[in-house]
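For reference, the structure is listed below as structure tokens.
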Amino acid sequence: MCGIIGYRGSRDATAVVLEGLKKLEYRGYDSFGVASLAVNKLVVFKQVGAISDFGYADMPLTRTNLAVGHTRWATHGAVTTANAHPQLSNDGKIAVLHNGIIDNWEALRQLLVHEGFTFSSGTDTEVIPNLIQLYISKGYAFHDAMRTTLQHLHGSYAVIVLHEDFDEIAFAKVGSPLLVGRGDNEFFIASDLSAFAKYTTNVVVLPDFHYGFITSNVSLFSLDSESRVEIPYQTIAVDVDEEEDPAIQQYMLKEIMEQPRVLLRAIDQSKDRFELLAEIIRKSQKVFFTGCGTSFHAGLAASYFFASVAKINCTPFLSSETGKLVEFFDDKSVLIALSQSGETADVLDAVKLAKNRGAVVIALVNVQGTTLPLLADHTLYLRAGVERCVLSTKTFTAQLGLLYLLAHTVAGNFSLAHTILNQLAASIQEVLITQAAVIRQVAEKTYNNSDYFIIGRDFASACAVEGALKIKEVSYIHAEGFAGGELKHGTLALVRESIPTVVLVTPDTRTRILSNAMEVKSRKGCIIGVDSLPNSVFDYFIQIPHVSEGLSLLLCIPLQLLAYNLAILRGCDPDKPRNLAKSVTVQ
Ligand code: F6R
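Note that the working numbering has the sequence shown beginning at 610, numbered continuously upward.
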């Protein structure tokens, strides 16, 4: 959450930073700020709103060779210009941009107030520039003041610091992502590679508890040992599947439509890689899936086909609920960690706990150059390309495809699964093309409802949960997805006339899920069937192709399209739902 970028070099730094901030907007978009440094003069511009709504000409900024920027997702302090970053020191000389949370900010603030400092924002961040100022006033050199300040911070942070008197960018990282990129006599620093990948992909992925300075070169230091460290640059192969197309108004729809191609590219990876992971899984005694939100739902769905295909009983758990499970991790365990961003704080924590207990960690990640692959023993990349919409759609399909392939590889059927997945890509395409109009019609008839229910059984229950998440986060309709059998154990009490219930039907569960549909129908609820066959209980029928295997990959596609249409009809921004950010780097 929150995106930060800095640049020092011969280009127009302000332009580079503004362009980078637009790429980082998915990390937070309630406000933004830019600071540039020219001839020992710090110029700051901050604004409430999304950076994409503003251009260079809207800001009182000029060409310089050193600039930094921040796009915010509020944690501490309301969405106001005062709370946007950079946060400045009392003397106005030091600017700090921060992603993360300083846990001991209140204690530090009191200390600073005691020293005569005043505060003009509600942020935790504002203590950082003031602490640096405090140490400088006590005679510390800038670098020493920076290090001493960092040693007082508890919590998570990626920070960029500018001091008006120094032609350099100071930075530090604990728990929030930060990469340094090296070009030709120029350096970039950002929360993720996409912010500057256009210029260079030669980077240092900063480990936690490190800080440094960008001058005409980059110096890196360990916060623990206080000594200088050398970390080699690596060139990250970026899957560039698209240059940002200014004509694209809504990435959600674009990303939904891309899914057949995304699935094919995800599974286009070496068989040996899957065989190696399958062998690790076969030799283990316990297999866990973890993730948050949509990534967790992919693990939940996968636990069904690992049971049926690989005959392995896996435990899916929400990363934020790792808690008491920790004691079950040991050196006979495999943890499969799922994350589009590779930076979700709860997932990283679960992985660290599992690793400490000796478990083998297999990561499924989309974004390269992120923290999760650094922690994992093995990584499978989703290869889904950049997902700009805050909602995960195409990465969910890539996750399911890879997990389906892995389950079959464990069972010794890699090639068969590969063939099935190739066919499924065509089936997804068919749903996208043939069902778009029906789904739009369903949305038109139901978008005024306050509630939406989705039911399924077996892996379709995991798809129901995922579909409900899509609907609620983008259209703000209250939606619940759950196993159809649970209906009469509670939620049926909420069913009333015309409330829509989507029923996800699979051949194995048809009889029982249709009887659940009848329970809803008897209470005058409206039934939207997602099935390969029509049925008289359906008020609306979304037809999916009949496939003998891998149905879970198809079931969410109409739900994604439904969520998109509901959002549009309700006037919601499908790419930037309120209060959400794509990369959740705080717990
Ligand atoms: C929902 C969504 C979120 C993410 C969750 C985990 O559409 O996008 O629920 O799935 O925040 O994010 P990653 O996969 O980046 O760990």
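All C-beta atoms in this analysis are idealised placements derived from N, C-alpha and C, irrespective of residue type, glycine included.
Everything numeric in this text was worked out from a predicted model, so none of it was measured.
Kindly indicate which residue of the options has the alpha-carbon position closest to the one of residue i.
i, options, result
"E1075", "A1052, I1063, S1084 and Y1085", "I1063"
"T931", "G951, I921, K964 and D940", "K964"
"I1137", "D639, Q760, S800 and V1051", "V1051"
"H1155", "D753, I1029 and K1081", "I1029"
"T1006", "N975, Q859 and Q868", "Q868"
"A683", "M610, N713 and D667", "M610"
"V812", "L787, Q843 and T824", "Q843"
"A781", "N794, D793, E773 and H761", "H761"
"V1019", "G1010, L1009, E884 and Y749", "E884"
"P695", "L886, K933, S729 and V969", "S729"
"V1139", "V1129, L1168 and A750", "L1168"
Whole angstroms are fine: how far does the CA of residue j sit from the CA of residue i?
i, j, result
"D850", "D817", "Low per-residue confidence applies at D850: pLDDT is 48, beneath 50, and the placement is therefore not dependable enough to give any value."
"S1192", "S1131", "43 Å"
"I840", "F830", "10 Å"
"S1024", "E864", "27 Å"
"M755", "H707", "14 Å"
"Y638", "L1189", "9 Å"
"T924", "R1179", "38 Å"
"A704", "I711", "16 Å"
"G642", "L1000", "25 Å"
"V789", "T1110", "49 Å"
"V625", "I769", "16 Å"
"H772", "K702", "6 Å"
"L1078", "D939", "32 Å"
"I613", "V677", "7 Å"
"V847", "H752", "34 Å"
"A644", "E715", "26 Å"
"M668", "A1102", "54 Å"
"A910", "T1115", "14 Å"
"H1176", "R1121", "Note that residue 1176 is Ala in the sequence shown, not His. Taking the straight line joining both Cα atoms gives about 31 Å."
Is there at least one non-hydrogen atom of ligand 1 closer than 7 Å to the beta-carbon of residue i?
i, result
"E1082", "yes"
"V1193", "yes"
"Q878", "no"
"T671", "no"
"C901", "yes"
"L1078", "yes"
"S800", "no"
"L1000", "yes"
"Q949", "yes"
"V1217", "An answer regarding residue 1217 cannot be provided, because it is not within the stretch 610 to 1196 covered by the chain."
"T1100", "no"
"T980", "no"
"S765", "no"
"T1006", "no"
"T953", "yes"
"S904", "yes"
Check this for me: beta carbons of residue i and residue j, under 8 Å apart or not?
i, j, result
"Y820", "L759", "yes"
"I1204", "F905", "Any question about residue 1204 goes unanswered here, given that the chain covers just 610 to 1196."
"P800", "V783", "The sequence shown places Ser at residue 800, not Pro. Result no, Cβ atoms of S800 and V783 do not sit closer than 8 Å."
"L1096", "N1125", "yes"
"V814", "L983", "yes"
"L633", "T680", "yes"
"E1082", "P1186", "yes"
"L957", "T980", "yes"
"F926", "A1016", "no"
"G615", "I845", "no"
Using 8 Å as the limit for Cβ to Cβ distance, is residue i near chain B?
i, result
"V789", "No chain B appears in this structure, which consists of one protein chain only."
Can residue i be considered in contact with ligand 3, in the sense that its beta carbon sits closer than 7 Å to one or more heavy atoms?
i, result
"A779", "Ligands present in the displayed structure are limited to ligand 1, and ligand 3 is not among them."
Exercise. If you scan the stretch 1036-1096 from start to end, which runs of the alpha helix (DSSP H) of 4 or more residues do you find wholly inside it?
Worked result: 1045-1055 and 1068-1084
Exercise. Quick one: complete alpha helix (DSSP H) runs, 4+ long, within the stretch 719-805?
Worked result: 736-746 and 751-761
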